[in-house]
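*Asks:* First to last, the sequence lines map onto chains A and B. The numbering of the first sequence is our numbering, which starts it at 233 and goes up by one. The numbering of the second sequence is our numbering, which starts it at 162 and goes up by one. A single structure is presented below for examination.
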Amino acid sequence: MDQNRQGARASYVALSVFVALWILAPSAVRRFNREAFVEFQAPALHLLGKSRDLATFWEKKSRSVEEMAAAGRDLARVNAALEIQINKFEDIRRENVRLREITHYNVPAEYMSVVARVATRDSSSWWQRIVIRKGRNDGIRPGAPVVFGNTVVGRVTAVHLTTSEIDLVTSPGFRCTAYLEGDDQNNIVLVNGVASNSLGTAKARVSVIPRDYSMPAGQPARVFTTGMGGVFPSRLILGYLDGGTYATQVGNFKESLLVPSRDLYNLQEVSVLVPLQQNPGEALMQGDQFQ
Amino acid sequence: MGWAWLFLLLATYPWLLGADLASDTLASSSLIFFLSGTCLVAPCRRLKRWQAVLFAACLGFLFEARRPIPDGALALSLVAIAIFLSSNRQVIRNTPGMLRAAAIVNVGGCLIWFLASSYGSPIPATDLTGQLILQLLLAGIVGTIGLLPIALTQNAVLDRLNVPPAPDNP
Numbered sequence: 233m234d235q236n237r238q239g240a241r242a243s244y245v246a247l248s249v250f251v252a253l254w255i256l257a258p259s260a261v262r263r264f265n266r267e268a269f270v271e272f273q274a275p276a277l278h279l280l281g282k283s284r285d286l287a288t289f290w291e292k293k294s295r296s297v298e299e300m301a302a303a304g305r306d307l308a309r310v311n312a313a314l315e316i317q318i319n320k321f322e323d324i325r326r327e328n329v330r331l332r333e334i335t336h337y338n339v340p341a342e343y344m345s346v347v348a349r350v351a352t353r354d355s356s357s358w359w360q361r362i363v364i365r366k367g368r369n370d371g372i373r374p375g376a377p378v379v380f381g382n383t384v385v386g387r388v389t390a391v392h393l394t395t396s397e398i399d400l401v402t403s404p405g406f407r408c409t410a411y412l413e414g415d416d417q418n419n420i421v422l423v424n425g426v427a428s429n430s431l432g433t434a435k436a437r438v439s440v441i442p443r444d445y446s447m448p449a450g451q452p453a454r455v456f457t458t459g460m461g462g463v464f465p466s467r468l469i470l471g472y473l474d475g476g477t478y479a480t481q482v483g484n485f486k487e488s489l490l491v492p493s494r495d496l497y498n499l500q501e502v503s504v505l506v507p508l509q510q511n512p513g514e515a516l517m518q519g520d521q522f523q
Numbered sequence: 162m163g164w165a166w167l168f169l170l171l172a173t174y175p176w177l178l179g180a181d182l183a184s185d186t187l188a189s190s191s192l193i194f195f196l197s198g199t200c201l202v203a204p205c206r207r208l209k210r211w212q213a214v215l216f217a218a219c220l221g222f223l224f225e226a227r228r229p230i231p232d233g234a235l236a237l238s239l240v241a242i243a244i245f246l247s248s249n250r251q252v253i254r255n256t257p258g259m260l261r262a263a264a265i266v267n268v269g270g271c272l273i274w275f276l277a278s279s280y281g282s283p284i285p286a287t288d289l290t291g292q293l294i295l296q297l298l299l300a301g302i303v304g305t306i307g308l309l310p311i312a313l314t315q316n317a318v319l320d321r322l323n324v325p326p327a328p329d330n331p
């Protein structure tokens, strides 16, 4: 019995020494340890995602031929309409490039789009994240914006070999600048996630709304990205203002809540917009603090 | 057997993955199925202390790996719990004791990661008591219900590895 007690005491002492060493150890050690455990789990996450895809495949395969033919016909019509739109946009793009050359306007950042399937979703009061099945091997870099259509989903926070973690718009770590629909003066407001404290839909906070701003009547005001800072392209939808705006404690500005325009926890696929040229902010995001 | 803890970790991992899957379905409510504390209880009856320590550390690091929790906060706490449990095996000698330990350890572990995350969070938050209570309640229920199937799996693996059974009078 005494031996047991002595052994326990020695173990506690060893643990205390290890804790001290762990705190004093260079951050590279802790990062390597984290990476090792992430990579250990990556194959299981891939397997999970692929088995989900397989289940969806068999579910679709069980549908009748008539149903599939009708879906194919509808898709062909949509494709035809989209082709016309693509031609129209190509004309606009050429004109845009020409005008920029004439006015020597700064060219906005260009992005490479990487489409990725969602492996898992993970959410608590302190983080709201999804894990996608693409990573460093596919060219994804930390800080890259993640979208679905023209809707902002979030931002890449950590990149591993074959998986990446994405902080959703509503996650406490997320923040960006935005414009409000119906604000003719284009005042810049701030969007940042909040710690979730309810069982309902997670929301973000929109702050620094000018006092004289009034929401458009009859519809929720949309919130768009500004394109400033070089992370998100401009005019992407972040979400809608929830209900009304309310004055802050100081009273100089108003605040409101932002509801994401899509159910972020039901997304199956997202696009990661990787900047073709690394912007200066990315280097900062690759540090230890950006977890 | 020296590597018993590693084989046991591999056998326990599907349960952790299952908990992640359940967390996935609960994502819209901001709750997490936390099982790491429960997975620690049964092995502490049979593994040697150093093996239980390694097992606990790996359990903690697996949970922390994909989440913004300060490095080692949960893992090192689980190690301390593993040392306590493997040194006081009389508290987990019978099934009621194990169930009680599973609930306490799981809730304790859950509280530790919640507080560690709040410490590491970039923004302050208020009025999270309700969410914390819900999360702890879920951890307690999941920990108690999950113990029996998890312990059965772990004991089956330990039997196969010829690890001696837990003594009646430790």
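For glycine and all other residues, C-beta sits at the position ideal for the given N, C-alpha and C. From a predicted model like this one, the values you see are computed outputs, not experimental measurements.
One question on the structure: do residue 238 of chain B and residue 273 of chain B come within less than 9 Å of each other, judged by their Cβ atoms?
*Replies:* The residue given as residue 238 of chain B occupies position 77 in the second sequence. The residue given as residue 273 of chain B occupies position 112 in the second sequence. Contact: yes.
*Asks:* Please list, in chain order, the chain A residues whose beta carbon lies closer than 7 Å to that of residue 222 of chain B.
*Replies:* By 1-based counting over the second sequence, the position of residue 222 of chain B is 61. Going along chain A in sequence order, the residues near residue 222 of chain B (Cβ under 7 Å) are 265 and 269.
*Asks:* Which value, in whole angstroms, describes the spacing of the CA atoms of residue 410 of chain A and residue 284 of chain B?
*Replies:* What you label residue 410 of chain A is simply residue 178 of the first sequence in a count that begins at 1. What you label residue 284 of chain B is simply residue 123 of the second sequence in a count that begins at 1. Going from the Cα of residue 410 of chain A to the Cα of residue 284 of chain B covers about 19 Å.
*Asks:* Apart from the five residues just before and just after residue 520 of chain A, which ones in its own chain have a Cβ nearer than 6 Å to its Cβ?
*Replies:* Residue 520 of chain A sits at position 288 when you count from the first residue of the first sequence. Summary for residue 520 of chain A: the model assigns pLDDT 45, below 50, so the residue's position carries little reliability; its value from the coordinates is reported in the next sentence. If we look at residue 520 of chain A and ignore the five residues flanking it on each side, its Cβ neighbours are 259.
*Asks:* Taking 9 Å as the threshold (C-beta atoms), are residue 470 of chain A and residue 383 of chain A in contact?
*Replies:* On the first sequence, residue 383 of chain A is found 151 positions in, with the first residue counted as 1. On the first sequence, residue 470 of chain A is found 238 positions in, with the first residue counted as 1. Yes, the Cβ-Cβ distance between residue 383 of chain A and residue 470 of chain A is below 9 Å.
*Asks:* List the residues that DSSP assigns as beta-bridge partners of residue 355 of chain A.
*Replies:* By one-based count along the first sequence, residue 355 of chain A stands at place 123. Residue 355 of chain A pairs with A/360.
*Asks:* Measure how close the beta-carbons of residue 358 of chain A and residue 229 of chain B come, nearest whole angstrom, since I'm counting them as under 8 Å.
*Replies:* For the purposes of this step, residue 358 of chain A is identified with residue 126 of the first sequence, where counting begins at 1. For the purposes of this step, residue 229 of chain B is identified with residue 68 of the second sequence, where counting begins at 1. Rounded, the Cβ-Cβ distance is 7 Å, consistent with contact.
*Asks:* Check for me: the alpha helix (DSSP H) holding residue 312 of chain A runs from which residue to which?
*Replies:* For the purposes of this step, residue 312 of chain A is taken as the residue at position 80 of the first sequence. Here the alpha helix (DSSP H) through residue 312 of chain A covers 297 to 335.
*Asks:* Grouping DSSP H, G and I as helix and E and B as strand, with all else coil, what is residue 186 of chain B?
*Replies:* Against the second sequence, residue 186 of chain B aligns to sequence position 25. Note: residue 186 of chain B maps to helix in three-state DSSP.
*Asks:* Quick check: what's the CA-CA separation for residue 287 of chain B versus residue 298 of chain B?
*Replies:* To locate residue 287 of chain B, count along the second sequence from 1; it is residue 126. To locate residue 298 of chain B, count along the second sequence from 1; it is residue 137. One C-alpha to the other measures close to 20 Å.
*Asks:* Strictly by DSSP, which residues pair up with residue 244 of chain A?
*Replies:* In the first sequence, the residue the question calls residue 244 of chain A occupies position 12. Answer by DSSP bridge pairing: none, since residue 244 of chain A is not bridged.
*Asks:* So the candidates are B/245, B/166, B/268 and B/321; which of them puts its Cα closest to the Cα of residue 294 of chain B?
*Replies:* In the second sequence, the residue the question calls residue 294 of chain B occupies position 133. The option with the nearest alpha carbon to residue 294 of chain B is B/268.
*Asks:* Drop a sphere of 10 angstroms on the beta-carbon of residue 273 of chain A, count the other beta-carbons inside from all chains shown, and report buried for 16 or more, exposed for fewer.
*Replies:* Numbered from its first residue, the first sequence carries residue 273 of chain A at position 41. Buried, because 16 or more other Cβ atoms sit within 10 Å of the Cβ of residue 273 of chain A.
*Asks:* Going by CA-CA distance only, name the one from A/403, A/434 and A/441 that's closest to residue 416 of chain A.
*Replies:* For the purposes of this step, residue 416 of chain A is identified with residue 184 of the first sequence, where counting begins at 1. Out of A/403, A/434 and A/441, A/441 has the C-alpha closest to the C-alpha of residue 416 of chain A.
*Asks:* Nearest by alpha-carbon distance to residue 256 of chain B: which of B/175, B/327 and B/163 is it?
*Replies:* As a working note, residue 256 of chain B is residue 95 in the second sequence. Comparing Cα positions, the closest option is B/327.
*Asks:* What beta strand (DSSP E) runs, 3 residues minimum, are completely inside the segment 375 to 428 of chain A?
*Replies:* Listed in chain order, the complete beta strand (DSSP E) runs (minimum 3 residues) inside the segment 375 to 428 of chain A are 377 to 380, 383 to 391, 396 to 400, 407 to 412 and 421 to 425.
*Asks:* Output the distance between the C-alpha atoms of residue 502 of chain A and residue 349 of chain A, rounded to the nearest integer angstrom.
*Replies:* Locating residue 502 of chain A in the first sequence gives position 270, where the first residue counts as 1. Locating residue 349 of chain A in the first sequence gives position 117, where the first residue counts as 1. If I take the Cα positions, the gap works out to 6 Å.
*Asks:* Opposite residue 344 of chain A in the DSSP bridges: which residues?
*Replies:* Stepping through the first sequence from its first residue, residue 344 of chain A is reached at position 112. Note: residue 344 of chain A sits in a beta bridge opposite A/506.
*Asks:* Which residues, in order along the segment 291 to 321 of chain B, keep a beta-carbon less than 8 Å from a beta-carbon of chain A?
*Replies:* Listed by position along the chain: 291, 292, 293, 295 and 296.
*Asks:* Step through the CB atoms of chain A and report whether any lies within less than 9 Å of the CB of residue 200 of chain B.
*Replies:* Within the second sequence, the letter at position 39 stands for residue 200 of chain B. Answer no: the Cβ-Cβ gap between residue 200 of chain B and chain A never drops below 9 Å.
*Asks:* Alpha carbon to alpha carbon, how far is residue 185 of chain B from residue 276 of chain A?
*Replies:* As a first step, residue 185 of chain B is located in the second sequence; it is residue number 24 there, counting from the start. As a first step, residue 276 of chain A is located in the first sequence; it is residue number 44 there, counting from the start. So the alpha carbons of these two residues sit roughly 14 Å apart.
*Asks:* Thinking C-alpha only, which one of A/240, A/468 and A/391 is nearest residue 268 of chain A?
*Replies:* Translated into positions along the first sequence, residue 268 of chain A becomes position 36. The option with the nearest alpha carbon to residue 268 of chain A is A/391.
*Asks:* Quick check: the Cα distance between residue 453 of chain A and residue 192 of chain B, rounded to an integer number of angstroms?
*Replies:* For the purposes of this step, residue 453 of chain A is taken as residue 221 along the first sequence, with counting starting at 1. For the purposes of this step, residue 192 of chain B is taken as residue 31 along the second sequence, with counting starting at 1. C-alpha separation (whole angstroms): 30 Å.
*Asks:* So for residue 485 of chain A, helix, strand or coil by DSSP?
*Replies:* Residue numbering aside, residue 485 of chain A sits at position 253 when the first sequence is read from its first letter. Note: residue 485 of chain A maps to strand in three-state DSSP.
*Asks:* What residues from chain B crowd round residue 244 of chain A, counting only those whose CB sits closer than 8 Å?
*Replies:* Taking the first sequence and counting its residues from 1, one reaches residue 244 of chain A at position 12. Going along chain B in sequence order, the residues near residue 244 of chain A (Cβ under 8 Å) are 241 and 244.
*Asks:* Specify the secondary structure class of residue 226 of chain B as computed by DSSP and reduced to three states.
*Replies:* The residue given as residue 226 of chain B occupies position 65 in the second sequence. Of the three classes helix, strand and coil, the one that applies to residue 226 of chain B here is coil, per DSSP.
*Asks:* Please name the residue or residues paired with residue 271 of chain A in a DSSP beta bridge.
*Replies:* Taking the first residue of the first sequence as 1, we reach residue 271 of chain A at position 39. DSSP lists no partner for residue 271 of chain A.
*Asks:* If residue 277 of chain B and residue 220 of chain B are in contact, beta carbons under 8 Å, what's the gap, nearest whole angstrom?
*Replies:* Start at 1 with the first residue of the second sequence, and residue 277 of chain B comes out as number 116. Start at 1 with the first residue of the second sequence, and residue 220 of chain B comes out as number 59. Not confirmed; about 15 Å, so no contact.
*Asks:* Cβ atoms of residue 451 of chain A and residue 400 of chain A: under 9 Å apart, would you say?
*Replies:* Within the first sequence, the letter at position 168 stands for residue 400 of chain A. Within the first sequence, the letter at position 219 stands for residue 451 of chain A. No, they are not a contact pair.
*Asks:* Buried or exposed, going by whether 16 or more other CB atoms sit within 10 Å of the CB of residue 177 of chain B?
*Replies:* On the second sequence, residue 177 of chain B is found 16 positions in, with the first residue counted as 1. Counting Cβ neighbours within 10 Å, residue 177 of chain B comes out buried, since at least 16 surround it.
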